[in-house]
Amino acid sequence: MENHELVCYCDNVTKGQIIEAMEKGAKTLSDIRKMTGACTSCKCEENNPKKRCCSQDIAEVMTEYLKNK
Numbered sequence: 005m006e007n008h009e010l011v012c013y014c015d016n017v018t019k020g021q022i023i024e025a026m027e028k029g030a031k032t033l034s035d036i037r038k039m040t041g042a043c044t045s046c047k048c049e050e051n052n053p054k055k056r057c058c059s060q061d062i063a064e065v066m067t068e069y070l071k072n073k
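In my numbering, each number is its position in the sequence shown, counted from 1, plus 4.
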């Protein structure tokens with residue numbers, strides 16, 4: 005997944021924005037929500053191509069970031 009790709013389709017948050025939030029101190033999904041607005045609109049079944057909440061996708065980005073840090 006490239007940094008410009010959407011992770012949260014409801015709130016138009018990209019992988020890069022999630023990584024940037026982590027670089028600024030985000031450590032939890034709650035931190036990501038506060039800093040980016042991701043995972044706050046709850047329209048996942050309508051907007052996410054996977055038809056599920058983006059929280060799993062955000063967690064994957066966070067895990068990948070920490071693994072490569």
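All C-beta atoms in this analysis are idealised placements derived from N, C-alpha and C, irrespective of residue type, glycine included. Keep in mind that this is a model prediction, so the values were computed, not measured.
Straight through space, the alpha carbons of residue 60 and residue 21 are spaced by roughly 16 Å. At the C-beta level, residue 5 and residue 25 stay beyond 8 Å of one another.
Take the alpha-carbon of residue 66 and the one of residue 37: they are about 13 Å apart. At a Cβ-Cβ threshold of 8 Å, residue 62 and residue 14 do not count as neighbours. Per DSSP, residue 14 is not a residue of any alpha helix (DSSP H), being assigned neither H nor E.
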